[in-house]
Each structure stands twice: as structure tokens, then as C-alpha cells.
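From first to last, the protein sequence lines stand for chains A and B. Counting in this note's numbering, the first sequence runs without a single skipped number right up to 427 at its last residue. Counting in this note's numbering, the second sequence runs without a single skipped number right up to 756 at its last residue. Cβ coordinates follow ideal geometry from the N, Cα and C atoms, glycine included. Keep in mind that this is a model prediction, so the values were computed, not measured. A short worksheet on the structure shown next.
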Amino acid sequence: MDLLRFITAGSVDDGKSTLIGRLLYDTKSVLTDQMDAIERASKTRNQAQQTNAPIDLALLTDGLRSEREQGITIDVAYKYFQTPTRKYISIDAPGHIQYTRNMVTGASNADLAVVLIDARHGVIEQTKRHSLIASMLGIEHVLVAVNKMDLVNYSESVFLDIASTYKLLAESLKINNLTIIPVSALNGDNVATKTTQMTWYAGESVLEHLENVQIRQGVNVADARFPVQYVIRPQTAALPDYRGYAGKLLSGVLKKGDEVTVLPSGRNTQIESIEFGEKEIGVAIAPQSVVLHLKDNLDISRGDMVVPTNNQPILSQDIDTIVCWMDDRKALRVGNKYVLQHGVARVRCVVKAIDYKIDVNTYEKNSAPNELLLNDVARITLRSATALPYDSYTQNRANGTMILIDETSNITVGACMIEERK
Amino acid sequence: MKNRGVNEDQQPASMDALDYLEAEAIHILREVAGQFERPALLFSGGKDSITLVHLALKAFRPGKFPFPLVHIDTGHNFKEATDFRDTLAQSLDEKLIVRYVEDTIRTKNLQEQTGKNATRNWLQTFTLLDTIEEFEFDCCIGGARRDEEKARAKERIFSFRDEFGQWDPKRQRPELWDLFNGKIQKGENVRVFPISNWTEMDVWNYIRREKIGLPPIYFSHQREMILRDGHLLANSAFIQKDPDDQIVTRQVRFRTVGDMTCTAAVESEAVLIDDVIAEIMATRVSERGETRIDDQQTEAAMEDRKKGGYF
Chain A
6 MDLLRFITAG SVDDGKSTLI GRLLYDTKSV LTDQMDAIER ASKTRNQAQQ TNAPIDLALL
66 TDGLRSEREQ GITIDVAYKY FQTPTRKYIS IDAPGHIQYT RNMVTGASNA DLAVVLIDAR
126 HGVIEQTKRH SLIASMLGIE HVLVAVNKMD LVNYSESVFL DIASTYKLLA ESLKINNLTI
186 IPVSALNGDN VATKTTQMTW YAGESVLEHL ENVQIRQGVN VADARFPVQY VIRPQTAALP
246 DYRGYAGKLL SGVLKKGDEV TVLPSGRNTQ IESIEFGEKE IGVAIAPQSV VLHLKDNLDI
306 SRGDMVVPTN NQPILSQDID TIVCWMDDRK ALRVGNKYVL QHGVARVRCV VKAIDYKIDV
366 NTYEKNSAPN ELLLNDVARI TLRSATALPY DSYTQNRANG TMILIDETSN ITVGACMIEE
426 RK
Chain B
446 MKNRGVNEDQ QPASMDALDY LEAEAIHILR EVAGQFERPA LLFSGGKDSI TLVHLALKAF
506 RPGKFPFPLV HIDTGHNFKE ATDFRDTLAQ SLDEKLIVRY VEDTIRTKNL QEQTGKNATR
566 NWLQTFTLLD TIEEFEFDCC IGGARRDEEK ARAKERIFSF RDEFGQWDPK RQRPELWDLF
626 NGKIQKGENV RVFPISNWTE MDVWNYIRRE KIGLPPIYFS HQREMILRDG HLLANSAFIQ
686 KDPDDQIVTR QVRFRTVGDM TCTAAVESEA VLIDDVIAEI MATRVSERGE TRIDDQQTEA
746 AMEDRKKGGY F
């Protein structure tokens with residue numbers, strides 16, 4: 006059985022948490038005690054507001070006290086459910102602009118993004134921002150759920166208008182796998198099952214789409230990249246010379262006997278054997294976590310990368326990258342220094358240039374600003390203290406990502422997707 | 446069962462959902478080893494931490510673990526679980542550190558809860574934070590899962606704690622792709638949860654697949670129980686009896702293993718792991734809802750404990 010990770014994106018009150026709540030409820034993934042708990046919480050809240058609303062399914066994912074108090078989502082919530090077809094990890098992201106970095110956190114590992122749009126408001130700035138992030142992160146599939154159709158009398162023309170606006174936007178973002186579905190998360194229309202309210206819609210429900218969509222078509226199987234995470238050296242009487250290089254194969258395939266090069270030193274050797282769980286295996290595939298043994302006794306430590314001799318990544322100190330800036334306290338400026346983490350390697354780096362900033366509304370490249378503030382998306386040029394073995398994000402996602410860490414606060418402040426160097 | 450990578454014919458194995466979760470967890474454990482100077486693995490003798498130990502074997506053997514196993518013993522644990530804990534650590538020849546809540550209560554003159562549903566659950570935090578200070582642990586690996594509880598559903602895999610051990614759910618560090626940032630100042634601490642993305646069923650299926658041993662209390666056995674408010678609690682000296690309690694003998698198993706004072710059993714005839722899995726699949730009540738009385742005290746019980754430095 007395979008695993009699909011999807012994120013719900015979109016603006017505040019577009020119904021992201023309610024949609025996930027509905028999916029959980031309709032796939033019978035909400036257990037009785039959890040249902041009792043949100044029923045109690047709904048009642049308490051309704052009494053306070055003197056309304057008589059039904060059970061609020063959004064409470065299934067809004068797990069923090071302040072989220073429940075304010076009725077908003079602050080940070081990502083992970084929920085798990087399963088059908089006979091697939092296991093799902095649903096990632097409920099916050100809609101508020103100030104919590105965009107939490108949305109990026111959730112989106113970075115998603116196979117599919119569900120972008121919600123309130124049918125009454127259509128495509129708004131936050132729809133555009135989240136779609137931009139989904140496209141930059143290269144999320145394979147985008148499902149647009151035009152929500153609250155019940156509040157626009159299930160109108161086909163409202164739906165078609167929004168759909169055509171979004172299609173234009175998707176085109177400019179190069180989102181290729183796009184599906185648009187009219188739903189009411191509150192009533193469950195077209196969420197787990199097809200509704201009778203919108204006979205004009207012939208497509209799939211949200212769940213049907215999740216069940217059928219082909220995922221991980223874009224995984225890089227060609228370029229083997231193995232960063233050494235940890236060196237296993239028991240140094241016991243029984244195993245005095247054992248030296249195993251433990252790590253996760255980021256992409257591609259490695260086999261016993263492969264000619265490999267260790268970067269950054271550039272020394273060549275051969276794979277003597279591959280181990281998993283203390284058993285020898287002939288082949289490792291990404292993203293397996295294995296142990297490599299090499300023919301020659303080289304000086305290899307954490308952060309070095311083993312790659313096929315005939316298929317090597319770029320090895321350079323100069324890096325062009327798209328960055329999502331995530332620090333709400335300090336701006337990114339040219340000349341600033343950060344700790345750069347690429348895979349398991351950490352080096353210092355300096356910002357050489359801010360090349361352009363992307364306008365989240367028009368997707369136009371604005372000429373270089375002086376600084377980047379929270380939630381800005383831009384292309385920057387970095388220089389690292391030592392050469393890093395990287396690929397571009399589009400070529401090989403697993404080896405094309407980096408984070409920037411503030412040197413004093415130690416907070417993760419930048420999410421980077423490496424660009425092809427011209 | 447799918448081929449899990451041990452193949453002689455040189456064909457790449459395919460990975461199923463459990464293989465992905467296993468690979469992710471091994472990667473996380475090795476990141477701990479690479480990023481921290483003095484990590485520890487919190488080990489209680491329950492199924493989730495036993496699973497962590499098994500994953501650590503896959504991550505580090507034939508080498509030794511780069512961390513000790515640490516148990517914060519409330520003194521109210523099931524003997525079967527602590528026996529299992531001791532035997533496992535010994536058979537693996539790994540270092541086990543046990544610190545007792547009882548000692549903290551005595552040296553710090555802590556006030557214990559009293560009354561019917563009194564538990565030492567909250568007091569564990571004091572002993573845990575003292576133990577972290579004593580050994581200068583900069584990272585504690587735990588077996589918590591996001592599907593367990595709504596506050597845990599929000600927590601990062603590398604969960605930063607300040608110098609007081611506190612979790613700040615409103616200012617969590619971004620956590621992108623598989624790039625984990627464990628950089629901290631001295632005195633701060635990171636809690637790491639390698640099986641964050643596993644569900645209860647994943648853990649059980651993995652235990653079955655890998656033939657991992659568990660303490661006998663996870664399987665059906667006859668035991669003298671206290672029937673209280675619809676819950677079955679193991680009869681022990683640690684529980685203050687209430688006039689409404691009934692003492693009964695039942696065929697039970699435990700779905701989770703925490704303190705005897707706050708862990709309820711389920712009635713069950715399931716002796717084999719397949720039967721246990723079938724029963725859990727059929728149940729309509731969540732793991733913690735069915736068995737953890739401590740979570741039911743307030744709506745945000747877990748969030749509050751975590752903010753205070755709990756696991």
C-alpha cells in the first residue's frame with residue numbers, strides 16, 4: 006500500500022480544516038471519543054456565541070488552545086487516515102499570511118496540494134501566494150476545491166468563472182497536473198462522495214481524485230546521491246576494521262561494484278557492499294537508509310557525498326537559489342552571513358546578491374530590493390565557505406534543497422530551492 | 446509481504462508505506478547521532494519506545510548506540526514493562542539510565558496529587574528536566590506519534606525546547622523537506638520524534654513484520670482489576686481506592702503501557718499479535734481515549750504538559 010501526503014492551502018476561512026475534518030469523518034476515521042470531544046467543544050463555543058451551529062469538524066485539526074479560542078489555524082496539523090486503496094497523511098496548513106512559513110513547512114513534503122477557494126470571493130491574494138509556493142516547491146499535483154458552493158446556490162457559472170481564472174494563473178505558474186472540483190466541505194458535497202446538488206459537474210469527488218491520482222512520477226531515479234550521515238566503527242575485537250558509511254540514498258540507485266567518487270575530495274573508489282539491517286543487499290534505491298562499504302580506505306566524514314563517478318552533481322561555492330524568507334525579526338540583506346544546511350552538511354555562506362523578488366500577486370520579477378522581509382520570495386546568489394555538491398531543484402529535488410539558519414538565534418530563516426546556473 | 450530489500454537477484458526492491466516510514470525514522474535517528482553531542486533515547490518498555498530501539502539497531506548496528514537508554518521511572522510502572530526494559534538493555538549490551546520520580550519527590554519536597562485519580566504523570570517532568578541537567582543531554586529521542594493526540598499532531602519532528610524545557614507551539618521552527626535543524630545554545634534541548642508519522646496500526650504492523658518482542662501485558666492475561674467509571678485499572682497499592690470501585694478478575698490486555706494509576710486495560714482474549722491487531726482495527730475508540738485517564742482531565746491536557754517540559 007502506498008502513502009500520499011497532501012496539504013490543504015488557501016486563505017483564512019476558506020474551509021481548509023473543515024475539508025480535512027469532513028474527509029476524516031466521511032472515511033470513518035474519527036473515533037467515537039474524538040467525536041465526543043469535538044462535540045463538547047463545539048457546544049461550549051456555541052453557547053458562548055449563543056448560536057446553535059452543528060458540530061464543528063474543523064476542531065479535529067485545530068489542536069492548540071489558542072487555535073480553538075480564536076477559531077484559526079496557527080500551525081500545521083498532521084492527520085492520518087486510510088482507505089482500502091491508500092494511506093494518507095493530511096497536512097492542514099494555516100491560511101493567515103503571518104503563518105506562511107508554517108504552510109511552507111507542511112508543503113515541503115507534500116505530493117499534492119488542495120488549494121481551497123471560497124466560491125463567494127474567488128481567487129484572492131492568499132490563493133495566489135499559496136499557489137506560487139506550491140509551484141515553486143514543485144508539488145506534483147494541485148487540486149483546487151472551490152468551496153462553499155452551498156452559499157452560492159451551487160451555481161455552475163460561479164464555479165466556471167473561478168475555474169477559468171485559476172487556469173490562467175496555473176498556466177503562468179507552470180502547474181501541469183490541475184484538477185478543479187466544486188465542493189461544500191461543510192455539507193460534504195463532492196468531498197468523499199459525489200453530490201446530487203451539482204448535477205452539472207461530471208468529474209470526481211475530492212476523495213475519488215486522491216484515490217486515483219498517480220504520485221511520485223517525478224522522483225529522480227537516474228542520479229544517485231548518497232550523503233554520509235554517520236560513520237559506523239564498532240572497533241571491537243570481533244570487528245576491528247569495520248567501517249560503514251551510514252546515510253540515506255537521496256535519489257537514484259546504487260549497486261555493489263559501482264564506480265563512485267567521494268565529494269568534495271574527488272577521490273574515486275568502488276562500492277564493496279551495501280548493508281541494511283546488518284544484511285547485505287545488492288541494490289539500494291532512494292529513499293532507503295543504508296550502510297555503504299567502500300573498497301579503499303579514504304578519509305570520509307559526515308557531510309561528504311558518494312556519487313557515481315560518471316554522474317556527478319555540480320560542485321561549487323556559488324549557488325543561485327530561490328528563497329522563501331521566514332524570519333519575522335530580521336531582514337535578509339546583501340552581505341549577511343548564515344549557516345547553510347544542504348542535506349546533512351553545514352557550512353557558512355554569505356549573500357552576494359538579491360537578484361529579483363517575485364510579486365506574489367502578478368508573479369512578476371521585481372528588480373532587486375535592498376532587503377527581504379518575512380514571506381518574501383526572491384532569487385538570491387550565495388557563496389559558501391566550501392564547495393557543495395548540489396543539483397538544481399528541478400533536476401533533482403532531493404539534492405536541490407537547502408535551509409538558511411541564523412547564526413545567533415539558530416532559527417531556520419530561509420527555505421531554498423537551488424536554480425540551474427546559467 | 447513485500448520484499449524489503451534483501452534480494453539476491455540484484456533487482457531494486459520496491460518500498461511500501463512501512464518501508465518509507467522505517468527509512469525516515471532511521472534517517473532521523475542518524476541525524477540525532479550526527480548533530481548532537483549528548484543525546485539520549487527515552488525508553489519506557491512500552492511498544493513505541495521498543496520500536497524505537499529496534500529502529501536504532503537498524504540505524505547503528507554493528508556499532509553501539511550513540512546514546513544511552515533513559516527511563517524516568519514513576520515507581521508506578523508495570524513490573525512486566527520495567528522487567529522487559531532491564532532485560533532488553535542487558536541483552537543488547539546498551540547503557541540504561543533509570544531515574545526515579547520518587548527521589549525527586551523526596552529531594553525537592555514535591556507535592557503529589559491525592560485522591561481518586563491521582564497520578565505522578567505530571568511529576569515526571571521534574572525528574573526528566575533534572576536528568577537532562579545531570580547528564581547535560583542536548584537531545585532526547587521519544588516515541589511520541591502525531592496520531593496520538595491533537596497537540597502532538599502539531600509538533601515538529603525536531604521539537605525545540607528552551608532552557609526551561611518548554612515547548613512554544615506558537616513559535617515552532619520551520620521544518621523543511623528532510624533537513625532537520627538541531628542547532629541550539631547550551632542549556633537548550635531538542636526533543637526528537639522519529640516515529641511522528643507512524644500511526645498506532647503502523648507500529649503494530651511493524652512489530653509483527655519485524656517479529657519484535659513485547660512485554661506480556663500487551664497480550665491477553667487474567668488479572669485482578671479495579672472497575673472504576675467504566676475503566677478497568679490494574680489493582681495495585683498505588684491506586685487510592687474509592688467506595689464505588691469494584692474489584693473484579695478479568696481477561697485483559699493493555700493497549701498502551703503507562704503508569705498503573707492512569708492506564709486502563711481492555712477486555713480481550715487476544716493471545717497472538719494477529720488477534721491483537723484484528724481487535725485494534727475493529728475498535729472505534731482511540732488509543733489514548735480508551736486507555737489514558739490522564740489525557741481526559743482537561744481539553745488541552747497534553748498541550749499544557751508539553752509547554753511545561755513534558756515529553
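D464/B places its beta carbon 8 Å or farther from that of I640/B.
Contact with chain B is found for I410/A, since one of that chain's Cβ atoms lies less than 8 Å from the residue's Cβ. When Cβ-Cβ separations below 8 Å define contact, A82/A makes contact with chain B.
DSSP places R544/B within a strand segment (E or B) once states are collapsed to three. DSSP places L377/A within a strand segment (E or B) once states are collapsed to three.
Per DSSP, A710/B is one residue of the beta strand (DSSP E) stretching across 709-712.
Around the beta carbon of R10/A, 16 or more other beta carbons sit within 10 angstroms, so the residue counts as buried. For K561/B and N107/A, the gap between their C-alpha atoms comes out near 41 Å. Y159/A has its alpha-carbon roughly 51 Å from the corresponding atom of A289/A. At a cut-off of 8 Å between beta-carbon atoms, R653/B makes no contact with chain A. Closer than 8 Å to the CB of L378/A there is not a single CB belonging to chain B.
DSSP places N634/B inside the beta strand (DSSP E), whose first and last residues are 634-637. Assigned with DSSP and collapsed to three states, K133/A falls in helix.
In the DSSP secondary-structure assignment, N273/A is bridged to T266/A.
In the three-state reduction of the DSSP assignment, R338/A falls in the strand class, which pools E and B. Of all residues in the region 603-637 of chain B, those with a C-beta nearer than 8 Å to a C-beta of chain A are P614, K615, Q617, R618, P619, E620, L621, W622, D623, L624, N626, K628, I629, Q630, reading in chain order. In the structure shown, F86/A falls within a strand segment according to DSSP collapsed to helix, strand and coil. DSSP places L148/A in the strand class (E or B) of the three-state scheme. According to the DSSP secondary-structure assignment, N371/A is paired through a beta bridge with K362/A. Taken through DSSP and simplified to helix, strand or coil, E578/B comes out as helix. Under the DSSP definition of a beta bridge, F699/B partners with A710/B.
At least one beta carbon of chain A lies nearer than 8 Å to the beta carbon of T644/B.
Per the C-alpha coordinates, the member of T314/A, S278/A, D67/A positioned closest to K599/B is D67/A. Not a single CB atom of chain B sits nearer than 8 Å to the CB of A115/A. In the displayed model, I138/A falls within a helix according to three-state DSSP. Under DSSP, R353/A forms a beta bridge with V344/A. Assignment of L121/A by DSSP, reduced to helix, strand and coil, places it in the strand class. When the alpha-carbon of E593/B is set against those of D607/B, H516/B, D647/B, the nearest one is in D647/B. Under the three-state reduction of DSSP output, M310/A falls in the strand class.
DSSP places R606/B in the uninterrupted beta strand (DSSP E) bounded by 603-606.
By alpha-carbon distance to N366/A, the top candidate from S136/A, S113/A, F86/A, A124/A is S136/A. When rounded, the separation of the alpha-carbon atoms in I718/B and E724/B is 10 Å.
G76/A is the residue among G76/A, T37/A, K33/A, E277/A whose C-alpha sits nearest the C-alpha of T49/A. Assigned with DSSP and collapsed to three states, W205/A falls in coil, not helix or strand. Along the region 573-603 of chain B, the positions whose C-beta sits under 7 Å from a C-beta of chain A are R591, D592, K595, A596, A598, K599, read in chain order. The Cβ of M141/A sits no closer than 8 Å to any Cβ of chain B.
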